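Q: Chains as they are written, first to last, in the numbering used here: chain A, 11 to 120; chain B, 10 to 458.
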């Protein structure tokens with residue numbers, strides 16, 4: 011995780027990002043971290059210590075579910091978005107958009 | 010030294026597991042992740058060692074990792090112990106059925122003396138059951154382990170030889186008189202057979218680490234057995250009380266069936282539990298060791314102070330010999346447990362010095378006690394019990410002294426912890442040989458008295 015970021019900002023963006031990535035297909039921890047790194051142009055470096063607990067918490071809240079799949083001799087734990095997760099994502103997206111717009115507008119006025 | 014990736018990953022897992030915040034699935038998930046990261050890094054022309062260290066670093070600090078997982082797992086860790094996470098698929102049901110069958114088999118073996126006219130509560134029962142105790146359940150466990158693993162034929166054969174030889178010795182030596190050697194053989198045979206089972210537990214493993222794994226397996230087995238026996242004791246108390254309430258005497262039923270089948274079934278079930286629920290005791294045992302190591306350090310220091318300052322006489326019965334044997338075994342157990350959870354590369358910390366002091370003080374206490382006892386015991390001549398207890402004391406002393414020396418090397422001279430494991434693995438053989446001597450040679454030397 012970049013040291014320059016506010017922790018709270020990272021924490022708040024984690025869930026919408028995870029849910030969005032899972033909407034385009036089931037995925038697993040390592041791939042999610044890699045994808046975030048790419049999307050952010052190497053600015054965001056998530057750690058497992060942060061990601062897995064969030065994934066497990068989302069699973070407990072029934073927003074996503076996990077299943078094991080055997081690949082190349084090892085089992086890998088995949089996560090899948092559930093309908094409740096999609097609803098949550100919609101609501102989060104609305105909230106983000108409002109905040110995003112507000113900040114952008116306030117900056118462009120300067 | 011060559012970099013051993015599998016061992017490093019194993020150490021790392023052990024270290025995480027000892028934090029007590031992870032479920033077995035979490036560890037598996039993290040391990041897959043780590044391996045993937047390493048493979049990715051190696052594709053970018055890093056060598057194995059560099060890739061490992063960078064990948065570990067990316068994972069985040071163990072403390073933070075463990076704290077985050079603890080937050081979500083705190084409630085479920087205990088539940089996990091009792092929940093049959095197995096349960097669902099067919100092999101799990103088959104495994105469970107098999108182990109129940111084997112536990113019953115151990116109980117049935119325990120009923121064999123009854124067929125030969127020795128009911129459990131009969132007059133001559135004591136020696137018969139005692140000397141065969143190990144033979145009722147350890148062969149069953151050995152058979153199960155062999156069935157679980159592959160490539161065990163030769164080890165199974167050797168183990169069977171031990172069982173057969175033990176059976177012949179304890180049952181066909183012409184014991185007579187006070188039969189001290191018979192009782193000794195009966196007590197030592199289970200330990201001998203247990204030690205002889207090591208290769209069945211980890212057939213393909215390299216000798217030293219195989220033995221260390223088996224030692225920690227044995228400790229976990231012990232903790233699970235104690236837990237199960239506690240439960241069993243409650244069950245027996247209720248059985249008696251409930252039937253009493255009906256004015257029925259359940260005592261005969263309890264001693265002939267519940268005690269035999271329960272008593273012999275528990276170790277079999279405990280082995281299964283250790284295998285299936287390993288991670289949970291792995292979490293618990295180091296914590297127990299951490300709590301009790303300082304307590305025993307204080308106890309032994311207190312004992313030494315009292316012994317040296319007040320000139321009170323140490324009583325010099327044979328019981329004191331046995332007491333000190335047990336004390337050294339306990340210290341050995343605490344030390345091995347604390348060390349097994351210790352990550353290889355860690356810098357020496359406070360708890361390491363506590364362990365080291367515990368070993369040194371225990372050795373000092375043992376030296377003083379033995380010095381006092383030996384001078385007085387020698388007056389009463391040589392008896393098999395004394396020789397056995399003394400032999401064990403010497404072995405334990407040498408074992409702990411070697412541990413103090415090698416662990417001191419780790420702490421003060423930065424030597425590898427591997428030397429300590431090699432030493433422990435040699436002592437393992439020493440104990441095995443001595444058990445064999447007590448079972449097979451003692452009766453001959455002391456003329457079956």
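Even for Gly, the Cβ is constructed at its ideal location relative to N, Cα and C.
These numbers were taken from a predicted model, which means no experiment stands behind them.
1) Tell me residue 80/A's beta-bridge partners as DSSP assigns them.
2) Looking at the unbroken alpha helix (DSSP H) that takes in residue 138/B, where does it start and where does it end?
3) At the 9 Å Cβ level, is residue 77/A part of the contact set with chain B, yes or no?
4) Pick from 83/A, 24/A, 96/A: whose alpha carbon is nearest that of residue 72/A?
5) Any Cβ of chain B within less than 9 Å of the Cβ of residue 63/A?
6) Looking at the structure shown, is residue 76/B part of a helix, part of a strand, or coil, going by DSSP?
7) Could you tell me the boundaries of the alpha helix (DSSP H) in which residue 441/B lies?
8) Taking the alpha-carbon positions, what's the residue 108/A to residue 53/A distance?
9) Cβ of residue 73/B within 8 Å of any heavy atom in the ligand SAH?
10) Assuming residue 249/B and residue 265/B make a contact with CB atoms under 8 Å, what is their CB distance in whole Å?
11) At 7 Å on the CB atoms, spell out the chain A contacts of residue 42/B, in chain order.
12) From the DSSP output, which residues share a beta bridge with residue 74/A?
13) Relative to chain B, which residues along the region 79 to 92 of chain A have a C-beta separation below 7 Å, given in chain order?
14) Is residue 368/B helix, strand or coil when you go by DSSP?
15) Which value, in whole angstroms, describes the spacing of the CA atoms of residue 443/B and residue 65/B?
16) Any beta-carbon of chain B closer than 9 Å to the one on residue 55/A?
17) For residue 37/A, which residues does DSSP report across the bridge?
18) Tell me the DSSP secondary structure of residue 293/B in three-state form.
19) Report yes or no: is there a C-beta of chain A within less than 9 Å of the C-beta of residue 35/B?
20) Report buried or exposed for residue 334/B, applying the criterion of at least 16 other Cβ atoms within 10 angstroms of its Cβ.
21) Hey, could you find the ends of the alpha helix (DSSP H) residue 20/B is sitting in?
22) Would you mind stating whether residue 193/B and residue 397/B have Cβ atoms separated by less than 9 Å?
23) In angstroms with no decimal places, state the Cα-to-Cα distance between residue 43/B and residue 300/B.
24) Could you give the distance in angstroms between the alpha-carbon of residue 216/B and the alpha-carbon of residue 153/B?
25) Where does residue 423/B land, buried or exposed, given buried means 16+ other C-beta within 10 angstroms?
26) What residues from chain A crowd round residue 69/B, counting only those whose CB sits closer than 9 Å?
27) Can you grab the Cα-Cα spacing for the pair residue 166/B / residue 148/B, in whole Å?
28) By the 10 Å Cβ neighbour count, where 16 or more other Cβ atoms means buried, how is residue 346/B classified, buried or exposed?
29) Does the structure place the region 52 to 66 of chain B close enough to the region 37 to 56 of chain A that three or more beta carbon pairs sit under 8 Å?
30) Taking 9 Å as the threshold (C-beta atoms), are residue 374/B and residue 420/B in contact?
31) Which residue wins for smallest C-alpha separation from residue 91/A, given the options 63/A, 16/A, 41/A, 30/A?
32) Under 9 Å between the Cβ atoms of residue 59/A and residue 77/B?
33) Would a check of beta-carbon distances place residue 38/B closer than 9 Å to chain A?
34) I'd like the list of long-range same chain contacts for residue 114/B, defined as Cβ closer than 6 Å, with 5 residues on each side in sequence excluded.
35) Below 7 Å CB to CB, which residues in the same chain sit around residue 294/B once its five sequence neighbours on both sides are set aside?
36) Along the alpha helix (DSSP H) that carries residue 130/B, what are the first and last residues, could you check?
A: So, from the listed chains and residues:
1) 85/A.
2) 134 to 157
3) no
4) Nearest C-alpha to residue 72/A: 96/A.
5) yes
6) helix
7) 427 to 445
8) 23 Å
9) With respect to the ligand SAH, the structure shown offers nothing to examine, as it has no ligands at all.
10) Actually they do not touch by this definition, with Cβ atoms about 13 Å apart.
11) Within chain A, the residues near residue 42/B are 39, 40, 58.
12) 91/A
13) 84, 85, 86, 87
14) helix
15) 44 Å
16) yes
17) 89/A
18) helix
19) The beta-carbon of residue 35/B is placed less than 9 Å from the nearest beta-carbon of chain A.
20) buried
21) 14 to 26
22) yes
23) 32 Å
24) 21 Å
25) exposed
26) 11, 57, 58, 59, 60
27) 12 Å
28) A buried status is given to residue 346/B, since no fewer than 16 other beta-carbon atoms sit within 10 Å of its beta-carbon.
29) no
30) no
31) 30/A
32) yes
33) yes
34) So the list reads 149, once near-sequence residues are dropped.
35) 228, 229, 232, 346
36) Counting along the chain, residue 130/B falls outside any alpha helix (DSSP H), and DSSP gives it neither H nor E.
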